[in-house]
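Below is one structure; the comments refer to it alone.
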Amino acid sequence: MEQLALALARSTAEQRQAVEAEAPVVCVLAGAGSGKTRVVTLRTAHRVATGTAPAAHTLVCTFTRAAAAELRHRLAALGTPVAAPLTAGVPPGDGVRIGTIHQLALSLVTRHAADSRHRPPVLVADRAAVVAAAAGEVGADPALLDAEISWAKARRYGPDAYEALADLAARLPGATRGTLAAGYRAYQAGLARRRALDLDDLLVVATSLLQDDPGFADAVRWRYRHVAVDEYQDVNPAQAALIDAIRDPAGDLTVVGDPNQAIYGWNGADPSIFERVADPAHGALVVRLDVNHRSTPEVVGAASAALGPDLRGTPASARPAGEPVTVRAFDDGWEEAEHVATLVAGWAESGRSWRDLAVLARTNDLLGPVAGAFRRAGIPFSRGRDGSDTSTLTTFHGAKGLEWGAVAVIGIEDGLVPLARGGQVADRGEERRLLYVALSRATDVLHCSWAARRSISGGHPTARRPSPWLAPVAARSGTPTEVTGRRSALDRIAGLRDALGGTARIEGS
1 MEQLALALAR STAEQRQAVE AEAPVVCVLA GAGSGKTRVV TLRTAHRVAT
51 GTAPAAHTLV CTFTRAAAAE LRHRLAALGT PVAAPLTAGV PPGDGVRIGT
101 IHQLALSLVT RHAADSRHRP PVLVADRAAV VAAAAGEVGA DPALLDAEIS
151 WAKARRYGPD AYEALADLAA RLPGATRGTL AAGYRAYQAG LARRRALDLD
201 DLLVVATSLL QDDPGFADAV RWRYRHVAVD EYQDVNPAQA ALIDAIRDPA
251 GDLTVVGDPN QAIYGWNGAD PSIFERVADP AHGALVVRLD VNHRSTPEVV
301 GAASAALGPD LRGTPASARP AGEPVTVRAF DDGWEEAEHV ATLVAGWAES
351 GRSWRDLAVL ARTNDLLGPV AGAFRRAGIP FSRGRDGSDT STLTTFHGAK
401 GLEWGAVAVI GIEDGLVPLA RGGQVADRGE ERRLLYVALS RATDVLHCSW
451 AARRSISGGH PTARRPSPWL APVAARSGTP TEVTGRRSAL DRIAGLRDAL
501 GGTARIEGS
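Position one of the sequence shown corresponds to residue 1 (this note's numbering), numbered consecutively onward.
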């Protein structure tokens, strides 16, 4: 209780409002760096401590196992009873239940099977193999088929409905849709032969069990009377349907998220679900957390400028002024990569740890030249998450939920931001939010760049233009773009090796 009281005393007025709200539906619009995880943790701990939501009847859903583990750790540190993970295979105990929505679905399906004395579900061990076999039957690209199956199941579409609904969503060329519908049928047939479910099926099956078995539904709703869902802007219709089926009308619901960071529509997420829940006309109490406690005013301003008229809320920084955001243009992608290596080495030389430095790009392909420049310079790096003492190279999507002290965002060019593939441009609103996510990962230092020529996927270099969303960032930062002069790459690399002492460890190669 003492730790909880101290944490509440250190919270802002807006955070305390979210923590202490008593409405049956509470929607927390939590901007980047506003303390979203802190609010989820403190609200849960406060309600348990005051008896308004007993721990054994409280459920908190997240999107990743890492996020669930972080919440368990934080709640335990506040003295809140925490149950064993939903799928640990042991009695959960009387604590707060925390897990991903898929873990919740699996626990429900498994429990129903045990109560009914049926065999528990079998999860497909290697979905990729089943997808590959189905793709081979119809002549489809396995990666594309896998993505479309996930999109369809997230929206609760079966194979027979896929083609027409993908047509309405303008997903792909018409002929491709037909091939993928056939591949989807072949995939489902492959699962049936194995008597298996995939993770996406779990959501639909769990929801159906709650809808079709009133006794089971009553028991589940009695257990989970107080439900909270983090990152609610990223829920898809299948996940929302499961939460709705669990929720007891006499219970309460807390949803937390940031509409500015809704970036998974390509995978079936539907931000309009959040908007419906957050509608005060439907009885929701809406609490806005617009103050960013993580990033400098310069970083917050640049990220907000990138969103332009699509910005929701009025983000502001609680920190003092920091370094100006820089925006640079380069002759080509190789020169850009060399410059980023110089930049990162300089950040490290100024005293920042490697793990506090990151380079972000819209696609993995753009990170190849940077990785090469880092290897030549002896800069330690990891591709993706969780490097122990290395800088990070990852995509905009891979950076979601993470932060670094200094960040370089590269390749901010038309055709990449927003992304265009196969003659089609991805959803512009979502692409713009994705740039916002990338820029807002920096806490102190932000560098943005584009190249006048670039080779994509090993092809011939082609002329590029800056992203239409880069100009507002440059104008806000006061550092308009200009193409740099080229100097010897060998001179740069030699200088980097001297700065690093030539002994840096390399990872991710």
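Quick reminder that beta carbons are idealized off the backbone N, C-alpha and C, glycines included.
Alpha helix (DSSP H) segment containing residue i, residue limits
| i | result |
| --- | --- |
| Ile246 | 237-246 |
| Val40 | 36-50 |
| Trp347 | 333-349 |
| Ile149 | 142-154 |
| Thr207 | 199-212 |
| Val25 | Taken as a continuous stretch (DSSP letters only), Val25 belongs to no alpha helix (DSSP H), being part of the beta strand (DSSP E) at 25-30. |
| Asp160 | 159-168 |
| Val437 | 428-439 |
| Gly398 | From DSSP, Gly398 is part of no alpha helix (DSSP H); its letter is neither H nor E. |
| Gln108 | One point to set straight first is that residue 108 is Leu, not Gln, in the sequence displayed. Its alpha helix (DSSP H) spans residues 101-115. |
| Leu307 | 297-307 |
Boundaries of the beta strand (DSSP E) in which residue i is found, first to last residue
| i | result |
| --- | --- |
| Leu285 | 285-289 |
| Ser382 | 381-383 |
| Trp450 | 442-451 |
| Arg328 | 326-330 |
| Ala228 | 226-229 |
| Val124 | Per DSSP, Val124 belongs to no beta strand (DSSP E) and is neither H nor E. |
| Val60 | 58-62 |
| Val256 | 252-257 |
Residue i versus residue j - alpha carbon distance
| i | j | result |
| --- | --- | --- |
| Thr394 | Val370 | 11 Å |
| Asp212 | Gly283 | 28 Å |
| Leu59 | Ala399 | 27 Å |
| Leu357 | Ala76 | 30 Å |
| Trp404 | Leu242 | 35 Å |
| Ile273 | Ala189 | 31 Å |
| Leu203 | Val26 | 24 Å |
| Leu435 | Phe216 | 44 Å |
| Glu431 | Asp200 | 25 Å |
| His118 | Val205 | 14 Å |
| Arg221 | Ala67 | 24 Å |
| Leu307 | Pro237 | 26 Å |
| His293 | Arg72 | 23 Å |
| Ser353 | Arg385 | 16 Å |
| Val287 | Tyr187 | 43 Å |
| Gly485 | Val325 | Note that Gly485 scores a pLDDT of 45, beneath 50, so its modelled location is shaky and nothing firm can be said. |
DSSP three-state assignment for residue i, whether helix, strand or coil
| i | result |
| --- | --- |
| Phe274 | helix |
| Ser391 | strand |
| Trp404 | strand |
| Glu413 | strand |
| Ser317 | strand |
| Ala361 | strand |
| Arg486 | Reliability fails at Arg486, whose pLDDT of 47 lies under 50, so the model's placement of it is uncertain and the value that follows must be treated cautiously. In this structure, Arg486 counts as coil in the three-state DSSP scheme. |
| Ala7 | helix |
| Gly174 | helix |
| Arg185 | helix |
| Gly265 | helix |
| Leu419 | strand |
Whole-Å CB distance - residue i paired with residue j, under 8 Å assumed
| i | j | result |
| --- | --- | --- |
| Gln233 | Pro259 | 6 Å |
| Ala30 | Leu209 | Contact flag wrong, Cβ pair sits at about 32 Å. |
| Ser391 | Ile410 | Not really, about 13 Å apart at Cβ, beyond 8 Å. |
| Val82 | Gly95 | 4 Å |
| Leu285 | Ala23 | 4 Å |
| Ala408 | Ala377 | Contact flag wrong, Cβ pair sits at about 14 Å. |
Proximity winner among the options, relative to residue i (alpha-carbon distances)
| i | options | result |
| --- | --- | --- |
| His447 | Thr207, Gly478, Leu8 | Gly478 |
| Leu360 | Arg155, His112, Ile412 | Ile412 |
| Ala166 | Gly268, Val220, Arg223, Trp450 | Gly268 |
| Ser467 | Asp414, Val344, Trp450, Leu439 | Asp414 |
| Leu439 | Asp386, Ala305, Ala452 | Ala305 |
| Leu104 | Ala125, Phe63, Ala7 | Phe63 |
| Thr12 | Gly35, Leu4, Glu231 | Gly35 |
| Gly333 | Pro309, Ser350, Leu366 | Leu366 |
| Arg428 | Asp244, His46, Trp469, Gly384 | Trp469 |
| Arg171 | Ala345, Gly265, His397, Thr37 | Gly265 |
| Thr443 | Ala18, Glu338, Ala32 | Ala32 |
| Asp244 | Val340, Arg276, Arg97, Ile263 | Arg276 |
| Pro418 | Arg465, Gly322, Val39 | Arg465 |
| Thr179 | Ala169, Arg319, Arg194, Pro159 | Pro159 |
Distance cut-off 7 Å: residue i Cβ against heavy atoms of the ligand HEM
| i | result |
| --- | --- |
| His112 | As for the ligand HEM, it is missing from this structure, which has no ligand bound. |
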